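Take a look at the structure set out below.
2 protein chains.
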Amino acid sequence: MPRKRSLTTDQLAAAALAVVDRDGLAVLTMRTVAQELNMGTMSLYRYVSDREQLERLVVELVLGGVDFTVPDLPTWQERIAALCERIRLAVHAHPAMVPLLLVHRHASPGVRRSGEAMLSVLAGAGFTGERRVIAFRALVSYLIGALQAEGLGPLSGAGTDVLATLGEQYPYLAETAVSARGVTPQREFGEGLALLLRGLTP
Amino acid sequence: MPRKRSLTTDQLAAAALAVVDRDGLAVLTMRTVAQELNMGTMSLYRYVSDREQLERLVVELVLGGVDFTVPDLPTWQERIAALCERIRLAVHAHPAMVPLLLVHRHASPGVRRSGEAMLSVLAGAGFTGERRVIAFRALVSYLIGALQAEGLGPLSGAGTDVLATLGEQYPYLAETAVSARGVTPQREFGEGLALLLRGLTP
DNA sequence: CTTCGTAGGAGTACAACGTACGCCTACGAA
DNA sequence: TTCGTAGGCGTACGTTGTACTCCTACGAAG
């Protein structure tokens with residue numbers, strides 16, 4: 001066996017994530033990542049076969065830091081909420097990569113582990129068969145949507161101010177946007193999830 | 203005023219949507235759309251300033267067909283559900299363009315109109331201030347996540363079969379995937395939304 | 001210590017993309 | 001009939017992902 005690899009896939013993923021964190025998802029390029037590592041562009045292809053695979057590595061790096069062991073809490077609702085909050089926190093640290101989560105949610109072990117953890121809680125709570133399917137999908141849909149909305153949403157963030165200004169055309173939207181200023185992303189996420197959990201029954 | 207335009211923006215959007223419906227979002231290109239219209243590539247720039255604007259036109263075309271007048275139904279929950287179902291139906295007809303919905307959800311009149319309609323229902327139901335913010339965001343998050351999940355999700359569609367096969371590593375995921383086979387996207391969407399609505403109280 | 005084969009690193013090159021620029025020309029107003 | 005404006009489009013450039021090919025560093029074998 002000649003020559004040892006000078007890079008681990010983790011280092012590669014970390015470099016890509018650094019680029020995304022610093023300059024945004026739009027500049028995530030084989031060339032920019034290679035520059036970040038002081039390597040030739042084509043050298044990256046010794047570690048990944050694709051740009052897609054590079055993106056998957058980023059997703060795995062972010063989700064890899066999440067603890068998916070089911071927390072020891074009194075109610076299953078709290079267990080679900082704690083799991084979701086862990087995910088939200090991990091993603092919140094790298095908001096620019098959220099779109100990657102959605103694109104690669106298929107073939108990502110991290111996403112699967114998270115699903116497995118949530119399902120085990122639901123199963124323990126007594127959800128079976130199609131009820132469990134519905135409940136799980138509802139949770140995942142909310143999670144995905146909320147993460148996506150957090151960084152870019154029209155209510156929190158920069159979009160809020162824009163919406164607040166066109167009050168005559170969309171009065172409710174404008175009024176709600178003003179109220180939204182006092183709501184942190186964390187509260188928004190947590191209390192929205194709580195609403196969903198209230199409606200869930202095995 | 204010399205020369206009349208030979209194209210309406212609707213026709214342009216329709217051509218782009220046709221390309222997306224037929225060959226997928228990946229081949230949506232200024233060149234492919236131009237070919238679809240038997241025009242030169244650069245001619246499109248007489249109608250849109252950007253590729254982004256072209257994508258926005260597609261979003262508007264899809265959402266433009268949705269009726270956002272609040273339906274006359276007994277409960278506000280049913281009114282919300284009906285609005286969401288209308289959106290789901292419109293999007294369901296063009297599943298490949300869902301990612302565009304998310305990217306352009308900011309500057310899209312259609313998205314704003316939908317938000318305004320939902321908020322008016324919530325307001326009529328007695329939601330005010332931050333409670334309305336939370337409720338609205340929860341609904342939007344679910345809607346976005348569910349639409350996204352519908353076409354590509356790991357539970358319905360092709361991903362289901364894959365998941366069902368790796369049972370030893372993700373037992374719950376595999377079992378749930380099998381149960382998911384009997385659940386149509388429509389039921390999944392509607393019943394998941396019902397769960398969320400059950401937890402909503404002004 | 002020398003030698004050798006394997007695999008890592010990188011330069012070149014190409015197709016496809018978005019789009020700036022500038023030309024030609026069709027057509028409504030005069 | 002003429003003219004200026006604006007529609008249509010060909011060309012070309014920078015950027016992207018990546019196939020191909022070469023050179024070379026290095027662990028194992030002698």
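Protein chains in written order, with our numbering: chain A, 1 to 202; chain B, 203 to 404.
For every residue, glycine included, the Cβ atom is placed at its ideal position computed from N, Cα and C.
Treat the numbers as computed from the prediction; the structure is a model and nothing was measured.
### Among B:G331, B:D274, B:I289, the one whose alpha carbon lies nearest that of A:S179
The shortest C-alpha separation from A:S179 is found at B:G331.
### Query
Is it the case that the Cβ atoms of A:W76 and A:G124 are separated by a distance below 8 Å?
Going by C-beta atoms, A:W76 is nearer than 8 Å to A:G124.
### Message
What residue range does the alpha helix (DSSP H) around B:A283 cover?
### Response
It spans 278–294 - the alpha helix (DSSP H) in which B:A283 sits, taken as one unbroken run.
### Cβ of B:T378 within 8 Å of any chain A Cβ
B:T378 counts as touching chain A.
### Query
If you drop the 5 nearest sequence neighbours on each side, which residues of the same chain put their C-beta closer than 6 Å to that of B:G369?
Residues of the same chain with a CB within less than 6 Å of the CB of B:G369, apart from the 5 flanking positions on each side, are A376 in chain order.
### Query
Buried or exposed: which applies to A:T176, given that a residue is buried once 16 or more other Cβ atoms fall within 10 Å of its Cβ?
With a 10 Å radius around the Cβ and a threshold of 16 neighbouring Cβ atoms, A:T176 comes out buried.
### Query
For the alpha helix (DSSP H) that A:G199 lies in, which residues bound it at each end?
Annotation: the continuous alpha helix (DSSP H) that includes A:G199 extends over 185–199.
### Query
Applying a beta-carbon distance threshold of less than 8 Å, which residues of chain B neighbour A:A149?
R339, V342, S343, I346, listed in chain order.
### Message
Is the beta carbon of B:Q350 closer than 8 Å to that of B:V300?
### Response
Yes, these two residues count as a Cβ contact at 8 Å.
### Query
So, does the CB of A:L196 fall closer than 8 Å to a CB anywhere in chain B?
Yes, its Cβ sits closer than 8 Å to a Cβ of chain B.
### Task
Report the option in A:R51, A:A194, A:V121 whose CA atom is closest to the CA atom of A:P71.
Relative to A:P71, the option among A:R51, A:A194, A:V121 whose CA is nearest is A:V121.
### Task
Could you check which residue in B:E352, B:G394, B:R288 has the C-alpha nearest to that of B:G312?
Residue B:R288 is the option with its Cα nearest to B:G312.
### Task
Closer than 7 Å by beta-carbon distance: list the chain B residues that pair up with A:A180, in chain order.
Near A:A180 (Cβ distances below 7 Å), the residues of chain B are V335.
### Message
What does the alpha-carbon distance come out to for the pair A:A93 and A:V48?
### Response
Looking at the two C-alpha atoms, the distance is approximately 25 Å.
#### Entry: Selected residue, minimal CA-CA separation from A:G113, among A:R131, A:T32, A:G65, A:A26
For the record, residue 113 of chain A in the displayed sequence is Arg; it is not Gly. Closest option to A:R113, Cα to Cα, is A:G65.
### Message
I want to verify the contact list: residues of chain B whose CB lies under 7 Å from the CB of A:E36, in sequence order.
### Response
By Cβ distance, chain B contributes nothing, its closest Cβ being about 25 Å from A:E36, past 7 Å.
### Query
Buried or exposed: A:P185, going by 16 or more other Cβ atoms within 10 Å of its Cβ?
Here A:P185 is buried. Its C-beta has 16 or more other C-beta atoms within 10 Å.
### Message
In this structure, how does DSSP classify B:G312 when only helix, strand and coil are distinguished?
### Response
Judged by DSSP in its simplified three-state form, B:G312 adopts helix.
### Pair within 8 Å by beta-carbon distance, B:R281 and A:G199
Going by C-beta atoms, B:R281 is not nearer than 8 Å to A:G199.
### Message
Which residues of the stretch 109–134 of chain A have a Cβ closer than 7 Å to any Cβ of chain B? Give them in chain order.
### Response
So the list reads R112, G115, E116, L119, S120, A123, G129, E130, R132, V133, I134, given in the order they occur along the chain.
### Query
Between the beta-carbon of B:A337 and the beta-carbon of A:L195, is there less than 8 Å?
B:A337 places its beta carbon less than 8 Å from that of A:L195.
### Query
Using a beta-carbon distance below 8 Å, is A:L102 in contact with chain B?
Yes, A:L102 lies at the interface with chain B (some Cβ there is under 8 Å from its Cβ).
### Query
How far does the alpha helix (DSSP H) with A:V19 in it reach, from first residue to last?
Run containing A:V19: 9–23, per the alpha helix (DSSP H) assignment.
### Proximity to A:L54 [Cα-Cα], best of A:V183, A:T32, A:A13, A:E191
A:L54 has its Cα closest to that of A:A13, out of A:V183, A:T32, A:A13, A:E191.
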